[in-house]
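Numbering of the sequence shown is given in the numbering used here, commencing with residue 212 and proceeding in unit increments.
See structure below.
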Amino acid sequence: MYVGCVGKDKHGDQIRSAAEADGTTMELEVSSDKRSGLCVVCRDGNSRTLVVHPSSASSLRDDFVSSAAAQEGQRSAKTVYTTAYASVVRVRQTLQLMTSSRCHTLPDGLKQLAAMGLANQRVLDDFGEGLVDVLGKLDIIIGNPEEMYDLAMMLQWVPSEMSDMVLAKKIATEMMCDRHGVRRVIMTRGAEPIIYAASAGESGEVPVVATCAHSAKLLATGAGDAFAGGFLAAMAAKPDDVAFCCRLSAQAATFMINHSLVTLRTDEACLAELQT
212 MYVGCVGKDK HGDQIRSAAE ADGTTMELEV SSDKRSGLCV VCRDGNSRTL VVHPSSASSL
272 RDDFVSSAAA QEGQRSAKTV YTTAYASVVR VRQTLQLMTS SRCHTLPDGL KQLAAMGLAN
332 QRVLDDFGEG LVDVLGKLDI IIGNPEEMYD LAMMLQWVPS EMSDMVLAKK IATEMMCDRH
392 GVRRVIMTRG AEPIIYAASA GESGEVPVVA TCAHSAKLLA TGAGDAFAGG FLAAMAAKPD
452 DVAFCCRLSA QAATFMINHS LVTLRTDEAC LAELQT
């Protein structure tokens, strides 16, 4: 189940219809005064940047999250996932979600897990004092080297003296944790092998296999939420095979980066339309 907030517009309708067509149950609050949030990956050659306008996505109300339908979805979820970027505007709501996940035991007897996609230091700073509480309740942490470097700096470590693998292991084993279960840290590194480490001692690297040979397209794992979605879907099927989960998530991210590439118009008329 996906729980979020959209606007009363064509983008909100597209989000719902596309997700439901793929089998996702959608519980969407509809804002009457804010447009649907938009996110796009802009690419210039092999360089890319993520452009986000949260709008209504930042307006998800507590009472909607606490509604019977949303709560039923949470109770049946194997993993509750959010992103640091989305959570920073509602830290208290995120803490309540993470805390309640600690109380759920699934029908198969397994514990419900909490996962988060990291963000840069500016976003983490905005969590304020709530950051420590959120970090302590995470079972799965997904991020790129820059995001994990920023996290390490905030923890007053010296990441410049660590390899990527050492850093991932340190976050998995030494960062504050409520010991709810085995913590897994997944580091995406573009076209370089994915690194994973677990608090139980497991670690490894997974090569990124290109799914498209087109030289004009970026072959990497840089679409963080797409990677996370693939990883969590794989975990639902094979929770003990982290390498498999990384391979599937890399394919999901690579597909998202390489599909539907369009050239962005930059003429005055187009820019004026974007600003309205």
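All residues carry an ideal CB built from backbone N, CA and C; glycine is no exception.
- With at least 16 other beta carbons inside 10 angstroms of its own, T305 counts as buried.
- According to the DSSP secondary-structure assignment, V262 is paired through a beta bridge with V251.
- Per DSSP, G223 is one residue of the alpha helix (DSSP H) stretching across 221-232.
- Taking all protein chains shown into account, T293 has 16 or more neighbouring C-beta atoms within 10 Å of its C-beta and is therefore buried.
- DSSP places M327 in the uninterrupted beta strand (DSSP E) bounded by 324-328.
- DSSP places M212 in the coil class of the three-state scheme, outside both helix and strand.
- A direct Cα-to-Cα measurement between V300 and E283 gives close to 24 Å.
- Around C456, the same chain offers F442, A445, M446 as residues with beta carbons nearer than 6 Å, after the five sequence neighbours per side are excluded.
- For L249, the CB contacts under 6 Å within the same chain, skipping 5 residues up- and downstream, are H264 in chain order.
- Per the coordinates, the alpha-carbon of T236 lies some 45 Å from the alpha-carbon of E372.
- In the same chain as S270, and ignoring 5 residues on each side of it, the C-beta atoms closer than 7 Å to its own belong to C216, S242, K245, in chain order.
- Taking D255 as reference, the option from V369, I468, V420 with the minimal CA-CA separation is I468.
- Note on E358: 16 or more other CB atoms within 10 angstroms of its CB, so buried under the neighbour-count rule.
- Its chain contains E357, E358, D361 as the residues whose beta carbon lies nearer than 8 Å to that of N331, once the 5 sequence neighbours on both sides are disregarded; these appear in chain order.
- Rounded to the nearest whole angstrom, the CA to CA distance from D274 to A268 is 15 Å.
- The Cβ atoms of M309 and V276 lie no closer than 8 Å to each other.
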